[in-house]
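So the structure is just underneath, and the comments pick up after that.
Below you can see the structure in the form of structure tokens.
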């Protein structure tokens, strides 16, 4: 996948898992979290190119993902809120046609946990992106 497509897809995953209660648009939330945490495009680049290695991803980037999930309502008090994550994921065009599979994968990814809130947000998003959405994207692109 080229960089721009991966960027859109990765941010779309985060947005679709983290839409809802907020008055802000997803793009505004991403920008707000980026500015709040001082994340540069260079820091985002490996992540957006598909490098979701837990041991090499900066803690700041993990907290960026947590910030997005919290601002949008999918994470509160250190936990992913299952019902909101499920409802939001099903608004994504690549996911809405397989609700049972999507819901099972979200539950599985929530169970992976993490060492703290930032790590939990990162591991959840990484799990869902790599173990579900990547394969859904390949299926979608091959149709």
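In this note's numbering, the protein residues as written are 488 to 630.
The beta-carbon is built from N, C-alpha and C at its ideal position, and this holds for glycine as well.
- Here the alpha carbon of residue 614 sits roughly 19 Å from the alpha carbon of residue 559.
- Under the 10 Å beta carbon count, residue 575 is surrounded by 16 or more other beta carbons and is classified as buried.
- Proximity of the region 600 to 611 to the region 544 to 556 meets the contact definition, three or more beta-carbon pairs being nearer than 8 Å.
- Between the region 575 to 593 and the region 521 to 531 there are fewer than three inter-stretch CB-CB distances shorter than 8 Å, so the stretches are not counted as touching.
- The beta-carbon separation of residue 530 and residue 545, rounded to 7 Å, stays under the 8 Å limit for a contact.
- According to DSSP, residue 566 shares a beta bridge with 563.
- Within the same chain, and ignoring the five residues on either side of residue 565 in sequence, the residues whose Cβ sits closer than 6 Å to its Cβ are 604.
- Following the DSSP letters along the chain, one finds residue 526 in no alpha helix (DSSP H), marked with neither H nor E.
- Annotated as distal: residue 588 and residue 569, with beta-carbon spacing of 8 Å or more.
- For residue 606, the uninterrupted alpha helix (DSSP H) segment begins and ends at 604 to 615.
- In this structure, residue 618 and residue 592 form a Cβ contact; the two beta carbons are roughly 7 Å apart against a cut-off of 8 Å.
- Counting only the Cα atoms, residue 561 lies some 13 Å from residue 516.
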